[in-house]
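Using the numbering used here, the first residue of the sequence shown is number 8, and each one after it goes up by one. Step one of this worksheet: look at the structure below.
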Amino acid sequence: MRQEHTALTVAQEQLRIAAEKLELDPGLHAMLSKPKRTITVSVTIKMDNCTIGVFDGCRVQHWDALGPFKGGIRYHPNLTLDDVTALAMWMTWKCAIIGLPYGGAKGGINCKPKTMSQGELERLTRRYVSLIAEYLGPHRDVPAPDVYTNAQTMAWIMDTYSQLKGYSIPESVTGKPVEIGGSEGRVCATALGVAFCTREAAKALKLKLKGATVAVQGYGNVGYNAASILQDMGCKIVAVSDSSGGVYCPEGVNPAAVRVHKSKTGSVLNYKGCRNISNSELLETECDILVPAALENQIRGDNADKVKAKIVVEGANGPTTPEADSALYEKGVCLVPDILANSGGVTVSYFEWVQNLTREHWTLETVNGKLEDKMVKAFGDVQKLARKEESNLRTAALMLGVGRVAHAVKTLGLWP
Ligand code: GLU
Numbered sequence: 008m009r010q011e012h013t014a015l016t017v018a019q020e021q022l023r024i025a026a027e028k029l030e031l032d033p034g035l036h037a038m039l040s041k042p043k044r045t046i047t048v049s050v051t052i053k054m055d056n057c058t059i060g061v062f063d064g065c066r067v068q069h070w071d072a073l074g075p076f077k078g079g080i081r082y083h084p085n086l087t088l089d090d091v092t093a094l095a096m097w098m099t100w101k102c103a104i105i106g107l108p109y110g111g112a113k114g115g116i117n118c119k120p121k122t123m124s125q126g127e128l129e130r131l132t133r134r135y136v137s138l139i140a141e142y143l144g145p146h147r148d149v150p151a152p153d154v155y156t157n158a159q160t161m162a163w164i165m166d167t168y169s170q171l172k173g174y175s176i177p178e179s180v181t182g183k184p185v186e187i188g189g190s191e192g193r194v195c196a197t198a199l200g201v202a203f204c205t206r207e208a209a210k211a212l213k214l215k216l217k218g219a220t221v222a223v224q225g226y227g228n229v230g231y232n233a234a235s236i237l238q239d240m241g242c243k244i245v246a247v248s249d250s251s252g253g254v255y256c257p258e259g260v261n262p263a264a265v266r267v268h269k270s271k272t273g274s275v276l277n278y279k280g281c282r283n284i285s286n287s288e289l290l291e292t293e294c295d296i297l298v299p300a301a302l303e304n305q306i307r308g309d310n311a312d313k314v315k316a317k318i319v320v321e322g323a324n325g326p327t328t329p330e331a332d333s334a335l336y337e338k339g340v341c342l343v344p345d346i347l348a349n350s351g352g353v354t355v356s357y358f359e360w361v362q363n364l365t366r367e368h369w370t371l372e373t374v375n376g377k378l379e380d381k382m383v384k385a386f387g388d389v390q391k392l393a394r395k396e397e398s399n400l401r402t403a404a405l406m407l408g409v410g411r412v413a414h415a416v417k418t419l420g421l422w423p
């Protein structure tokens, strides 16, 4: 039976596990279990047909003990405030694990981005930013892309924020187009980080990447680019999917060709030479490596046993429930958790912010080299702690992230 989990119950349970292992002060645990600030807004815009559209928006700022708030903005029809709260919490741990001077935040608007025009999305974005602008800023809270937002959305955010302040402030947002101050490598950063983690996990398991079979759930920025980079590293991509379903082909597919097919037909379904499968079948595909790169709550207590991969690398935030974590660990599956595996995105966001603040522009080689150093270091730190604690990588990653934030909160003290 499907267990009823929300992203927030999963995030709270993960925090509880980490707090217990760290023997965290109950007061500190209670503090970290709630966001420092939640801003909810009603985003009203003129729709193309001249009616008024009213959308629920929010920005959740979890904790900023390690630096300004940082995190993406998500547009999705099923988005709830609880989801955004969980995602903000994960951002806090993520930044701490990778060693970025940031706290965690997340924002979102409940809307149907796929059915909205560019003009409607632009008005939605600008109105939303105008409503939360007083809580944003390069040293306060720096947004970035997430599900169904992209570099264009970030350009609108930068422009709206800059117009409100009266001068250009590129460091107010990351994930912008390169021409207006974005960083080289930001678009592929999350996927490249996923690939580095896959390589490190394969090394630990003595699994050769050359010829290793991979299934990828989700074909957005993270899923597609992860499939493409892993193929370049020698892997065979045997299954991919998007929100409409997936395709399976034991001989392997060319990710770029599947993307062309998706852009023509609207989905990966019916790609030539493949068998159509459902998203749940994709998770159970015969493969060495599984990359969930879609949404939360996909690998659960009821299907974890059917996962056949030896390595799971979480490109998405929150795809696995705590029950599934335990089941996979008992089966000997190596799961690289979201807060480590997908931290490449926010890491290059940090590089973008640093470049903006110093008015510099780094080459792609510099960006990717620095990303690799940070990811390999963080993977090593988490792996070492997992061995010491005899725990899975998720618990070790949480202990590292939660531990660092808790220490900072305690050191700063409470005022007033
Ligand atoms: N939305 C991305 C994440 O979940 C990136 C956040 C950022 O770059 O600030 O990590």
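The C-beta atom is built at its ideal place from N, Cα and C for all residues, glycine as well. Computed from a prediction, not measured in an experiment: that's the story for all the values here.
Minimum Cα-Cα distance from residue 163 among the listed residues 174, 136 and 84 corresponds to 136. The Cβ atoms of residue 344 and residue 300 do not sit closer than 8 Å to each other. Three or more beta-carbon pairs separated by less than 8 Å are not found between the stretch 97-108 and the stretch 157-173, which leaves the two stretches without contact. Separation of the CB atoms of residue 17 and residue 328 is rounded to 6 Å, and the pair is thereby assigned contact status at 8 Å. Residues 245 of the same chain have their beta carbon placed closer than 7 Å to that of residue 257, with the five preceding and five following residues left out of the count.
With distances taken between CA atoms, residue 124 lies nearest to 160 out of 361, 160, 80 and 411. For residue 31 against residue 324, the beta-carbon gap comes to about 23 Å, at or over 8 Å, which does not count as contact.
For residue 400, the closest alpha carbon among the candidates 409, 408 and 390 is that of 390. Across the structure, residue 314 and residue 52 are spaced so that their CA atoms are roughly 44 Å apart. By the neighbour-count criterion, in which 16 or more other beta carbons inside 10 Å mark a residue as buried, residue 292 falls on the buried side. Here DSSP, grouped into helix, strand and coil, assigns residue 369 to coil. A contact between stretches requires three or more CB pairs, one per stretch, nearer than 8 Å, and the stretch 349-369 meets this requirement with the stretch 194-211. Under the DSSP assignment, residue 46 falls in the beta strand (DSSP E) whose first and last residues are 44-53. CA-to-CA, the gap between residue 63 and residue 216 works out to about 44 Å. By DSSP's assignment, residue 297 forms a beta bridge with 222 and 319. For residue 151, DSSP records a beta bridge to 79. Taking a contact as a CB-CB distance under 8 Å, the pair residue 208 and residue 294 does not count as one, their CB atoms being some 14 Å apart. Secondary-structure assignment with DSSP links residue 113 through a beta bridge to 67. Under the criterion of beta carbons closer than 8 Å, residue 410 and residue 29 qualify as touching, at roughly 5 Å. Per the C-alpha coordinates, the member of 206, 383, 116 and 227 positioned closest to residue 219 is 206. Judged by their CB atoms, residue 26 and residue 304 are not nearer to each other than the 8 Å cut-off. Short of 6 Å from the beta carbon of residue 297, and not among the five residues preceding or following it, lie these beta carbons of its own chain, in chain order: 222, 316 and 319.
Per the DSSP secondary-structure output, residue 415 pairs with nothing in a beta bridge. As the crow flies, the alpha-carbon of residue 333 is around 17 Å from that of residue 11.
Ranking 230, 91 and 46 by CA distance to the CA of residue 141 puts 46 first. Annotation for residue 255: the continuous beta strand (DSSP E) segment containing it runs 252-255. At a cut-off of 7 Å, the beta-carbon of residue 77 counts as near ligand 1: some heavy atom of the ligand is closer than that.
In chain order, 226, 247, 249, 254, 265 and 269 place their CB closer than 6 Å to the CB of residue 275, counting only its own chain and leaving out the 5 sequence neighbours on each side. DSSP links residue 140 through a beta bridge to no other residue. Shown here, residue 342 sits in a strand according to DSSP, grouped into three states. Note that the stretch 306-313 does not touch the stretch 276-284; fewer than 3 beta-carbon pairs, one per stretch, sit closer than 8 Å. In this chain, the alpha helix (DSSP H) harbouring residue 286 covers 286-290.
Rounded to whole angstroms, the Cβ separation of residue 201 and residue 322 is 5 Å, and the two are in contact under 8 Å. The stretch 371-388 makes contact with the stretch 353-362: 3 or more CB pairs, one atom from each, lie closer than 8 Å. A check of alpha carbon separations from residue 364 across 190, 423 and 33 identifies 190 as the nearest.
Within 7 Å of the C-beta of residue 299 there is not a single heavy atom belonging to ligand 1.
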